[in-house]
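**Q** Once you've had a glance at the structure underneath, I'll fire off some questions.
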Amino acid sequence: MKPPPFAYLAAGSLDEAISALAAGDGEARLLAGGQSLMPMLNFRLLQPGLLISLNRIPGLGGITENGGGLRIGALTRHAELERSPLVARHFPVLGAAMEHVAHLAIRNRGTIGGSLCHADPAAELPMLMCLLDAGITAQGPAGERTLAAAEFFLGALTTALAEDEIVTAIELPALAEGCGWGFEEMARRSGDFALAGAAAIISLTGDRVSEARLAVMGAHPTPLRVAAAEALLRDQTIDEDTVRAAAEAAAAAVEPDNDLHASADYRRHLIGVLTARVLRAALRRAQGETP
Amino acid sequence: MSGGHVVRLRVNGVDHEAEVEPRLLLVDFLRVQLGLTGTHVGCEHGVCGACTVILNGDSVRSCLCLAVEADGGAVETVEGLGRVDDLDPLQEAFREHHALQCGFCTPGMLMTGIDLLRKQPLASDGEIRAGLSGNLCRCTGYQHIVRAIRASVEARDGD
Ligand SMILES: Cc1cc2nc3c(=O)[nH]c(=O)nc-3n(C[C@H](O)[C@H](O)[C@H](O)COP(=O)(O)OP(=O)(O)OC[C@H]3O[C@@H](n4cnc5c(N)ncnc54)[C@H](O)[C@@H]3O)c2cc1C
Ligand code: FES
Ligand code: FES
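Sequences listed follow chains A and B, in order. Numbering of the first sequence is given in the numbering used here, commencing with residue 13 and proceeding in unit increments. Numbering of the second sequence is given in the numbering used here, commencing with residue 4 and proceeding in unit increments.
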């Protein structure tokens, strides 16, 4: 249970990290919070030739307002998202979900960039990025590009990031004024990876839904926006029947696996139950009530 | 490159410097290099919390942190809290409330407790339990650990 030998570089700038990654020729790995990478190294599931630490690159962390939304540096820790007044003001669903990510000491180190690049199917941040229509900005030798969260996650532990690219920041566009949110997950023990989870955003015009977003996690190789459920809600007055129909659509959209922790049927069932809960919560918040 | 990295670390207020391999874990730097065996190693993959120390003011898993990553930083371990004849108030509360049996989890519980007491209101036992969720104890059933931290919150808040 000790890491294999590797060379180590504490990059002092993004350019230095990008060159070292490119020169590493597939043998180099980036190290952010280490909360996913270090366990894999301790288990010797990976044997990188070179670890390039991002932790000493100035300006790679931090949360700033940006055109009504937020720009979140890749090195921002889970604990910062949890405590940030800016996150609480603009994206309360994001701040509220953070207490479900692992435990205190892990949230003190783990970063948003690391979580997105690790792309665990049951991780909260990837699902929330899909919910919030995040843009994920990456830099490589060829320059900078921004990927939509929806096209970033390709499969379990697989992203659209090229081998020589580094995620630098996440852009979250502003949400509609007065929208409501919901977040729910089911985990066997607090802080464990969830068996399944769901999150929703609802905006109302009068009593009709002007915008509905639903994302789910843990029951599919990637986080998923459930377009079929969103279509059922849009322009409707939501009642229990609409909630139930959307929950069924969400349960039908996922393709869960059986594993040690839960059967595929149970995960699918959870997606339905959690979807109904987050929709009710988001609706109540959009109506100005506390769920 | 895989040898010969100099690490400078202030541990419990004392400066240390050593040349280490990059793969050396912070917990092994503390235990093996410095002989500070108060920090325990349980799972070595981040799930048990026994190795929790405070790095630059935040509790971290020292089994998931490379010593080279901590370079230039300040670490607090259980050895920095108190001595047998001069316990830290949190240690005293653990003794008072029977918050340990075998003691294996205790250093991690204490350092997590210190981080919580410094930063969080801990108004309810639910908050204390949420804060301790990453620290496993096979002996006590947690009840007494929560009680010890509750007592320390009351002492802190002066009621
Ligand atoms: C006991 C335990 C429980 C956990 N429970 C949960 C949970 O409930 N929910 C959850 O979401 N997570 C959980 N985690 C994982 C945790 O959230 C990690 O912090 C996170 O997944 C990875 O972030 P990191 O910064 O630590 O990344 P690292 O471990 O440093 O890196 C992860 C991967 O991303 C790559 N990478 C990192 N940063 C970048 C970047 N900027 N650009 C490109 N590639 C990059 C690395 O090369 C590596 O492949 C848990 C971890 C542990 C140990
Ligand atoms: S030894 Fe570090 S968490 Fe278990
Ligand atoms: S006292 Fe024995 S593990 Fe906690």
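Cβ atoms here follow ideal geometry from the backbone N, Cα and C, with glycine treated the same way.
Just the chain B side, please: which residues come within less than 8 angstroms of E111 of chain A by C-beta, in chain order?
**A** Numbered from its first residue, the first sequence carries residue 111 of chain A at position 99. By Cβ distance, chain B contributes A133.
**Q** Below 8 angstroms, how does it come out for the stretch 225-235 of chain A and the stretch 205-217 of chain A: are there three or more Cβ pairs, yes or no?
**A** Touching, yes.
**Q** Specify, as a first and last residue, the run of the alpha helix (DSSP H) that D277 of chain A falls within.
**A** The residue labelled residue 277 of chain A in the question sits at position 265 within the first sequence. Element bounds for D277 of chain A: 276-298.
**Q** What residues of chain B sit near R121 of chain A, judged by a beta carbon separation below 9 angstroms?
**A** For the purposes of this step, residue 121 of chain A is taken as the residue at position 109 of the first sequence. Ordered by position in chain B, the residues that pass the 9 angstroms Cβ test against R121 of chain A are L58, D61, V63, R64, L67, C68.
**Q** If I measure Cβ to Cβ from G81 of chain A and keep anything under 6 angstroms in the same chain, skipping five residues before and after, which residues do I get?
**A** By 1-based counting over the first sequence, the position of residue 81 of chain A is 69. L184, P185, A186, listed in sequence order.
**Q** How long is the line joining the alpha carbons of M52 of chain A and V50 of chain B, rounded to whole angstroms?
**A** What you label residue 52 of chain A is simply residue 40 of the first sequence in a count that begins at 1. What you label residue 50 of chain B is simply residue 47 of the second sequence in a count that begins at 1. When rounded, the distance between both Cα atoms is 13 angstroms.
**Q** Got a sec: is the Cβ-Cβ distance from L116 of chain A to anything in chain B below 8 angstroms?
**A** Indexing the first sequence from 1 puts residue 116 of chain A at position 104. True, the Cβ-Cβ gap to chain B drops below 8 angstroms.
**Q** Thinking just about the alpha-carbon of each residue, which of A:I250, A:P233, A:G167, A:G203 is nearest to the one in E223 of chain A?
**A** Within the first sequence, the letter at position 211 stands for residue 223 of chain A. It is A:I250.
**Q** Regarding A19 of chain A and ligand 2, is the C-beta to nearest heavy atom distance less than 7 angstroms?
**A** To locate residue 19 of chain A, count along the first sequence from 1; it is residue 7. Outside the cutoff, so no.
**Q** Less than 6 angstroms between C-beta atoms, sequence neighbours within five positions excluded: which residues of the same chain meet that for A259 of chain A?
**A** If you number the first sequence from 1, residue 259 of chain A lands on position 247. So the list reads G284, T287, A288, once near-sequence residues are dropped.
**Q** Under the three-state reduction of DSSP, which class applies to S25 of chain A: helix, strand or coil?
**A** Against the first sequence, residue 25 of chain A aligns to sequence position 13. Of the three classes helix, strand and coil, the one that applies to S25 of chain A here is coil, per DSSP.
**Q** If we count the other Cβ atoms within 10 Å of its Cβ and call it buried at 16 or more, is H101 of chain B buried or exposed?
**A** As a first step, residue 101 of chain B is located in the second sequence; it is residue number 98 there, counting from the start. With fewer than 16 other Cβ atoms within 10 Å, it is exposed.
**Q** Quick one: Cα of A34 of chain A to Cα of Y278 of chain A, how far?
**A** Here residue 34 of chain A refers to the residue found at position 22 of the first sequence. Here residue 278 of chain A refers to the residue found at position 266 of the first sequence. Using only the alpha carbons, I get a separation of about 43 angstroms.
**Q** Using the three-state DSSP reduction, which class does E183 of chain A fall into: helix, strand or coil?
**A** By 1-based counting over the first sequence, the position of residue 183 of chain A is 171. DSSP places E183 of chain A in strand when its eight states are reduced to three.
**Q** Between which two residues does the beta strand (DSSP E) containing R148 of chain A stretch?
**A** Taking the first sequence and counting its residues from 1, one reaches residue 148 of chain A at position 136. Note that residue 148 of chain A corresponds to Ile in the displayed sequence, not to Arg. Per DSSP, I148 of chain A belongs to the beta strand (DSSP E) from 147-152.
**Q** Quick one: does the C-beta of F205 of chain A sit closer than 7 angstroms to a heavy atom of ligand 1?
**A** Working through the first sequence from its first residue, we reach residue 205 of chain A at position 193. Because some heavy atom of ligand 1 lies under 7 angstroms away, the Cβ of F205 of chain A counts as near it: yes.
**Q** CB-CB under 7 angstroms to G85 of chain B, same chain, minus the five flanking residues each way: which ones, in chain order?
**A** Stepping through the second sequence from its first residue, residue 85 of chain B is reached at position 82. Excluding residues within five positions, the ones whose Cβ falls inside 7 angstroms are D91, Q94.
**Q** What are the boundary residues of the alpha helix (DSSP H) that R157 of chain A is part of?
**A** As a first step, residue 157 of chain A is located in the first sequence; it is residue number 145 there, counting from the start. Careful: R157 of chain A lies outside any alpha helix (DSSP H), inside the beta strand (DSSP E) at 155-160.
**Q** If you draw a straight line from the alpha carbon of A91 of chain A to that of A114 of chain A, how long is it in whole angstroms?
**A** For this step, residue 91 of chain A is matched to residue 79 along the first sequence. For this step, residue 114 of chain A is matched to residue 102 along the first sequence. Spanning the two alpha carbons is a distance of roughly 11 angstroms.
**Q** Counting only Cβ-Cβ distances shorter than 8 angstroms, please list the residues of the stretch 73-101 of chain A near chain B, keeping chain order.
**A** Cβ contacts with chain B: A91.
**Q** Is there a C-beta anywhere in chain B that falls below 8 angstroms from the one on P16 of chain A?
**A** What you label residue 16 of chain A is simply residue 4 of the first sequence in a count that begins at 1. For P16 of chain A, the answer is yes, since a Cβ of chain B falls inside 8 angstroms of its Cβ.
**Q** Relative to ligand 3, what is the chain-ordered list of residues with a Cβ closer than 5 angstroms to any of its non-hydrogen atoms?
**A** Qualifying residues come out as B:L103, B:Q104, B:C105, B:F107, B:C108, B:C140, B:R141, B:C142.
**Q** Which partner residues does L236 of chain A have in the DSSP bridge list?
**A** Position 224 of the first sequence holds residue 236 of chain A. Answer is A:V228.
**Q** Just to confirm, is the Cβ distance from T143 of chain B to G52 of chain B under 8 angstroms?
**A** For this step, residue 143 of chain B is matched to residue 140 along the second sequence. For this step, residue 52 of chain B is matched to residue 49 along the second sequence. Not closer than 8 angstroms, so no.
**Q** Give me the DSSP bridge partner(s) of Y20 of chain A.
**A** Numbered from its first residue, the first sequence carries residue 20 of chain A at position 8. Answer is A:L63.
**Q** Closest by CA to C54 of chain B, which one among B:N15, B:T109, B:G16?
**A** Start at 1 with the first residue of the second sequence, and residue 54 of chain B comes out as number 51. Among B:N15, B:T109, B:G16, the Cα nearest to that of C54 of chain B belongs to B:T109.
**Q** Given 7 angstroms as the limit, tell me if V221 of chain A has its C-beta closer than that to any heavy atom belonging to ligand 1.
**A** Position 209 of the first sequence, counted from the first residue, corresponds to residue 221 of chain A. No, the beta carbon of V221 of chain A sits no closer than 7 angstroms to any heavy atom of ligand 1.
**Q** Cβ of S127 of chain B less than 8 angstroms from any chain A Cβ?
**A** One-based indexing of the second sequence puts residue 127 of chain B at position 124. It does not: the Cβ of S127 of chain B has no partner Cβ on chain A nearer than 8 angstroms.
**Q** Could you name the residues of the same chain whose beta carbon sits closer than 6 angstroms to that of R56 of chain A, not counting the 5 residues immediately before and after it, in chain order?
**A** Walking along the first sequence from the start, residue 56 of chain A turns up at place 44. Answer for R56 of chain A: P16, listed in chain order.
**Q** Check whether the stretch 233-246 of chain A touches the stretch 128-140 of chain A, taking contact to mean three or more Cβ pairs, one atom from each stretch, closer than 8 angstroms.
**A** In short, these stretches touch, since the Cβ pair count reaches three.
**Q** So R121 of chain A and M110 of chain A are supposed to be a Cβ contact under 8 angstroms. How far apart are they, rounded?
**A** Residue numbering aside, residue 121 of chain A sits at position 109 when the first sequence is read from its first letter. Residue numbering aside, residue 110 of chain A sits at position 98 when the first sequence is read from its first letter. With a Cβ gap of about 13 angstroms, R121 of chain A and M110 of chain A do not count as contacting.
**Q** Whole angstroms is fine: what's the gap from R201 of chain A's alpha carbon to L116 of chain A's?
**A** As a first step, residue 201 of chain A must be located in the first sequence, where it is residue number 189. As a first step, residue 116 of chain A must be located in the first sequence, where it is residue number 104. One C-alpha to the other measures close to 14 angstroms.
**Q** Report the residue from B:V156, B:G106, B:G7 whose alpha carbon sits nearest the alpha carbon of G41 of chain B.
**A** To locate residue 41 of chain B, count along the second sequence from 1; it is residue 38. G41 of chain B has its Cα closest to that of B:G106, out of B:V156, B:G106, B:G7.
**Q** State yes or no: is the C-beta of G16 of chain B nearer than 7 angstroms to some heavy atom of ligand 2?
**A** As a working note, residue 16 of chain B is residue 13 in the second sequence. Answer for G16 of chain B: no, Cβ out of range of ligand 2.
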